[in-house]
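J.: Protein chains in written order, with this note's numbering: chain A, 1 to 419; chain B, 420 to 692. We put the CB at the ideal spot given by N, CA and C, even for glycine. Structure below; questions to follow.
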Amino acid sequence: MTKLSRRNVLQGGAAFAAGSTLGAPMIWAQNIKDVTLRQFGTGVSNLNEVAQKVKEDLGFTLEMTALDSDSVTQRAATQPNSFDIADIEYWICKKVWPTGNLQAMDTSKIKNYDKIVGIFRDGKLTPDSTIAQGTAPHSVGFTSGPEGTDFVDNESGWMTLIPTIYNADTLGIRPDLIGRPISNWSELLNPEFKGKASILDISSIGIMDMAMVVESMGEYTYPDKGNMTREEIDLTMAIFTEAKQNGQFRAFWKSFDESVNLMASGEVVIQSMWSPAITAVKARGVPCVYQPLEEGYRSWGGGIGLSAALTGLERDAAYEYINWYLDGWVGGFLMRQGYYSAVPETSKNHMSENEWGYWFEGKEATDVITSPFGDPLAQAGEVRDGGSFNDRMGAVACWNAVMDENQYMVRKWNEFIAA
Amino acid sequence: MAGPIMAVLLFFLVLPIVMIIVVSFWRATEFSIIPAFVWENYEFLFGSNVTYRVFFNTFKYAAITWVFTLTIGFTVAYFLAFHVRSLTWQIVLFLLCTIPFWTSNIIRMISWIPFLGRNGIANSTLLSWGVIDEPLEWLLFSDFAVILAFVHLYTLFMVVPIFNTMMRIDKSLIEAARDAGASGAQILWNVIIPLTKPGIMIGTIFVVTLVMGDFITVRFMSGSQSANVGRLISNDIALLAYPSASATAVVLLLTVLIVIGILLRFVDIRKEL
């Protein structure tokens, strides 16, 4: 009981409100300490700090396992009993949801549902924005009912994933080694960077980067980059195979650490990259820019899904965890690393004015910006690469995707690697 | 004695292989595998010229690595067995050869990366000596790097069996050859090498199977730019295409068995042991 009251004080009633909607907090409050939820997902949001804070705020134990995207898909699709909570990306959801290994979530139990940004609800950041190509989160975000294994195109009240984290990705560059402005995706294949470029070797993401490059080169304009035909896949791969055989690429990377090492060591000066990798390179004192490009960003989003096997007290705890997740602390924690939270306004309470201005509003930092781990990321006067939330998320050209011709694409990708 | 060993082999060797063969005939969709009996995995495998290229690459790595590990391994073993006279020193030097193996082979492999890189130790040393004017790009993320890592990782597997057979060569045979007027080169070619064949063959089997089954060395040292059969399999597994991975594994297994079969035609290891 002492635990419960302390929690309410700490959370300013937020958890209490969530608890009351779930009913009978008195009963589970005593048992909840024994609950252990097993969460797995990609490294980006599977952070030990989150597990510690969950223990502190909610009282139950969260076990985290971090895997790469392929392993995550595999596990979610084949081992439904090995996890309680899946922290996956939306394109993975498109693959995994039809297996029925995840259960639909009742949005009426999600306290901050109404505050979730439009991208995850009707697909629109602002009422007049256009929806980008690819597997846009809202298109796989809702299902027809509690037992649904389909996707519906409206806010049905049953969500497949509760959105947690997302970002807009672009190319990372070494401004000191390039020495001139970079403003197009086509620069990745510019012969000027022969032997100094890299692309990521994860087919479903790599193909999207390739498509951005091909369009930017003016070689072809895809009707839908996120769902290419076989001919379009062949064409895209041919362009990149030729570049590979001409020695354009220094290496391909598959893990986060590899991308950091390639960039920090100067082996590569321009490559596909993820936002925290830029941070990691900068933290080593090496200049690195997450370069906004004219054609826009390739975006991705992740969310939390519940295992179909989850019931009773564990499921109540999972809902409480989700409500806590959207309540702001995690959002602030993630946003201070350069990601975005699904409910930005709650995160604001957990960020300083300077941090909020820098990360979200695209304003000049008024003081040193540090990561949640204490590394300085920006000095006073610096502005975030790409600007504000609306500037960045408003310029998304495509989302990470799974295509209808996915298997064909994967085979072609293997050929590209072996070429 | 035979019973338990058979049981262990059956459970841990035969059963998994049978399972792999069975699964290689199954079908796969993106997120599930379906029991069936279809040849489509094999059809795709043999119908794609990538397969042939990748198998060729795998053989290429195995052959080049074999030449280098054999040359280095034989020389080291020869030195230990015939030039180092005292048994104590033989043991000391032999153990010295194994010291690198106290660390993980992935760590030994990855430690080459900063060494060979564009701004790595090798390039900066060569630059400062004036040997080269600009960094050598082919040192890292190339076939050169892959072979270098293989040779570094697997030479000991050559040294050990060759050293072992050399130690069992009766020294009086060499004396007899010398008394009969044979030169050093003749002794090496006509006496030592024929008697060392079983060791060479065992070492060859180790090296060839290790290189042909590898995927992680190729991935890291080529910067993911080259492929061998192991990488095809690991890519398939990553994409949930277990049946296709199994089919590739079966073909690889057969290939390696054929290679070993051919090798064993040259030397009857059992007789020589």
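For K254 of chain A, tell me which candidate among A:P181, A:A401, A:I233 and A:W274 has the shortest Cα-Cα distance.
T.: As a working note, residue 254 of chain A is residue 254 in the first sequence. Taking only the C-alpha atoms, the option nearest K254 of chain A is A:W274.
J.: Alpha carbons only, please: which of B:V670, B:L682 and B:V550 is nearest the one belonging to P617 of chain B?
T.: Within the second sequence, numbered from 1, the residue matching residue 617 of chain B stands at position 198. The candidate whose alpha carbon is nearest that of P617 of chain B is B:L682.
J.: Do you know whose CA, among B:V441, B:G466, B:F465 and B:Y461, lies nearest A455 of chain B's CA?
T.: Here residue 455 of chain B refers to the residue found at position 36 when the second sequence is read from its first residue. The candidate whose alpha carbon is nearest that of A455 of chain B is B:V441.
J.: Helix, strand or coil for G387 of chain A, going by three-state DSSP, please let me know.
T.: The sequence position of residue 387 of chain A within the first sequence is 387, counting from 1. Coil.
J.: Pull up the distance between the alpha-carbon of S645 of chain B and that of E219 of chain A, whole angstroms please.
T.: Your numbering for residue 645 of chain B matches position 226 in the second sequence. Your numbering for residue 219 of chain A matches position 219 in the first sequence. Rounded to whole angstroms, S645 of chain B to E219 of chain A spans 27 Å at the Cα level.
J.: Straight-line CA distance for V44 of chain A to G338 of chain A?
T.: For the purposes of this step, residue 44 of chain A is identified with residue 44 of the first sequence, where counting begins at 1. For the purposes of this step, residue 338 of chain A is identified with residue 338 of the first sequence, where counting begins at 1. Each residue's Cα considered, the two are about 11 Å apart.
J.: At what residues does the alpha helix (DSSP H) containing E355 of chain A begin and finish?
T.: Indexing the first sequence from 1 puts residue 355 of chain A at position 355. Start and end: E353 to W359.
J.: Who pairs with R446 of chain B in a beta bridge, going by DSSP?
T.: Position 27 of the second sequence, counted from the start, is the residue given in the question as residue 446 of chain B. According to DSSP, which records beta bridges pairwise, R446 of chain B is partnered with B:I453.
J.: Which residue from B:P423, B:Y573 and B:W608 puts its Cα closest to that of T636 of chain B?
T.: One-based indexing of the second sequence puts residue 636 of chain B at position 217. Of the candidates B:P423, B:Y573 and B:W608, the one whose C-alpha sits nearest the C-alpha of T636 of chain B is B:Y573.
J.: Excluding five sequence neighbours on each side, which residues of the same chain lie with their C-beta closer than 7 Å to the C-beta of V426 of chain A?
T.: Nothing can be reported for residue 426 of chain A, as the shown portion of chain A is limited to 1 through 419.
J.: Could you give the DSSP three-state label for E187 of chain A: helix, strand or coil?
T.: On the first sequence, residue 187 of chain A is found 187 positions in, with the first residue counted as 1. It is helical.
J.: Apart from the five residues on each side of it in sequence, which residues of its chain come closer than 6 Å, Cβ to Cβ, to A496 of chain B?
T.: Sequence index remark: in the second sequence, residue 496 of chain B carries index 77 (1-based). Taken in chain order, the residues that qualify are V578, I581, F582 and M585.
J.: Is there a Cβ of chain A sitting closer than 8 Å to that of L659 of chain B, yes or no?
T.: Indexing the second sequence from 1 puts residue 659 of chain B at position 240. Closer than 8 Å: yes.
J.: Taking 7 Å as the cut-off, is the CB of V495 of chain B close to at least one heavy atom of the ligand SAH?
T.: Of ligands this structure carries none, so the ligand SAH is not represented either.
J.: Run through the segment 483–562 of chain B for me and flag every whole alpha helix (DSSP H) of 4 or more residues, listed as ranges in chain order.
T.: With a minimum length of 4 residues, the continuous alpha helix (DSSP H) runs that stay inside the segment 483–562 of chain B are 506–517, 524–529, 531–535 and 540–548.
J.: Which residues bound the beta strand (DSSP E) around R298 of chain A?
T.: One-based indexing of the first sequence puts residue 298 of chain A at position 298. Unbroken beta strand (DSSP E) run through R298 of chain A: Y297 to S307.
J.: Suppose contacts are defined by Cβ-Cβ distances below 8 Å. Is T170 of chain A in contact with I207 of chain A by that definition?
T.: Here residue 170 of chain A refers to the residue found at position 170 when the first sequence is read from its first residue. Here residue 207 of chain A refers to the residue found at position 207 when the first sequence is read from its first residue. No, these two residues do not count as a Cβ contact at 8 Å.
J.: Please work out which residues of its chain come closer than 8 Å, Cβ to Cβ, to N31 of chain A, disregarding the five sequence neighbours upstream and downstream, and give them in chain order.
T.: For the purposes of this step, residue 31 of chain A is identified with residue 31 of the first sequence, where counting begins at 1. Result list for N31 of chain A: L313, in chain order.
J.: How long is the line joining the alpha carbons of A17 of chain A and Y321 of chain A, rounded to whole angstroms?
T.: For this step, residue 17 of chain A is matched to residue 17 along the first sequence. For this step, residue 321 of chain A is matched to residue 321 along the first sequence. Note that A17 of chain A scores a pLDDT of 42, beneath 50, so its modelled location is shaky and nothing firm can be said.
J.: Residues of the segment 518–550 of chain B with a CB closer than 9 Å to any CB of chain A: list them in chain order, please.
T.: Taking 9 Å as the Cβ-Cβ cut-off against chain A, the residues of the segment 518–550 of chain B that qualify are I532, P533, G536, R537, N538 and G539.
J.: In this structure, what does DSSP give as the bridge partners for N323 of chain A?
T.: On the first sequence, position 323 is the one that residue 323 of chain A refers to. None, per the DSSP bridge assignment.
J.: Spell out a yes or no on whether the segment 614–632 of chain B and the segment 485–500 of chain B are touching, meaning 3 or more CB-CB pairs, one atom from each, closer than 8 Å.
T.: In short, these stretches touch, since the Cβ pair count reaches three.
J.: Per DSSP, what are the beta-bridge partners of G41 of chain A in this structure?
T.: As a position in the first sequence, residue 41 of chain A is number 41, starting the count at 1. Per DSSP, A:A66 and A:D87.
J.: Pop quiz: S388 of chain A and E361 of chain A are said to be a contact at Cβ under 8 Å. What is the actual Cβ separation, rounded to whole angstroms?
T.: Within the first sequence, numbered from 1, the residue matching residue 388 of chain A stands at position 388. Within the first sequence, numbered from 1, the residue matching residue 361 of chain A stands at position 361. Between E361 of chain A and S388 of chain A the Cβ distance is about 5 Å, and since that is below 8 Å, they are a contact.
J.: Roughly how many angstroms lie between the CA atoms of A308 of chain A and G100 of chain A, to the nearest whole one?
T.: The residue given as residue 308 of chain A occupies position 308 in the first sequence. The residue given as residue 100 of chain A occupies position 100 in the first sequence. Taking the straight line joining both Cα atoms gives about 7 Å.
J.: Can you give the beta carbon distance from L464 of chain B to A657 of chain B, rounded, assuming they're within the 8 Å contact cut?
T.: Residue numbering aside, residue 464 of chain B sits at position 45 when the second sequence is read from its first letter. Residue numbering aside, residue 657 of chain B sits at position 238 when the second sequence is read from its first letter. Wrong, their Cβ atoms sit about 17 Å apart, outside the cutoff.
J.: Taking all protein chains shown into account, do 16 or more other C-beta atoms lie within 10 angstroms of the C-beta of H502 of chain B, making it buried, or fewer, making it exposed?
T.: Residue 502 of chain B sits at position 83 when you count from the first residue of the second sequence. Answer is exposed; the Cβ neighbour count stays below 16.
J.: If you drop the 5 nearest sequence neighbours on each side, which residues of the same chain put their C-beta closer than 7 Å to that of L651 of chain B?
T.: Taking the first residue of the second sequence as 1, we reach residue 651 of chain B at position 232. The residues are V473 and T667.
J.: I want to see whether chain A comes within less than 8 Å of V442 of chain B, judged by CB atoms only; does it?
T.: On the second sequence, position 23 is the one that residue 442 of chain B refers to. Not an interface residue.
J.: Can the beta-carbon of V669 of chain B be found closer than 8 Å to that of S467 of chain B?
T.: Counting from one through the second sequence, the residue named residue 669 of chain B turns up at place 250. Counting from one through the second sequence, the residue named residue 467 of chain B turns up at place 48. Contact: no.
J.: Chain D partners of V410 of chain A, CB-CB under 7 Å?
T.: Chain labels in this structure do not include chain D; the protein chains are A and B.
J.: Assuming contact is defined by CB atoms lying nearer than 8 Å, are F40 of chain A and A86 of chain A in contact in what I supplied?
T.: Here residue 40 of chain A refers to the residue found at position 40 when the first sequence is read from its first residue. Here residue 86 of chain A refers to the residue found at position 86 when the first sequence is read from its first residue. In this structure, A86 of chain A lies closer than 8 Å to F40 of chain A by Cβ.
J.: Starting from V289 of chain A, follow the beta strand (DSSP E) in both directions and report where the run begins and ends.
T.: Sequence index remark: in the first sequence, residue 289 of chain A carries index 289 (1-based). That run of the beta strand (DSSP E) goes V289 to Q291.
J.: Any C-beta of chain A within less than 7 Å: which residues of the segment 623–651 of chain B qualify?
T.: Against chain A - using a Cβ distance shorter than 7 Å - the residues of the segment 623–651 of chain B are G642, S643, Q644, A646 and L651.
J.: Looking at the structure shown, is R694 of chain B part of a helix, part of a strand, or coil, going by DSSP?
T.: The structure shown does not extend to residue 694 of chain B, since chain B is modelled only from 420 through 692, so no value can be given for it.
J.: Check each residue of the segment 202–227 of chain A: if its Cβ is closer than 8 Å to any Cβ of chain B, include it; give the result in chain order.
T.: Going along the segment 202–227 of chain A in chain order, one finds S203 with a Cβ nearer than 8 Å to chain B.
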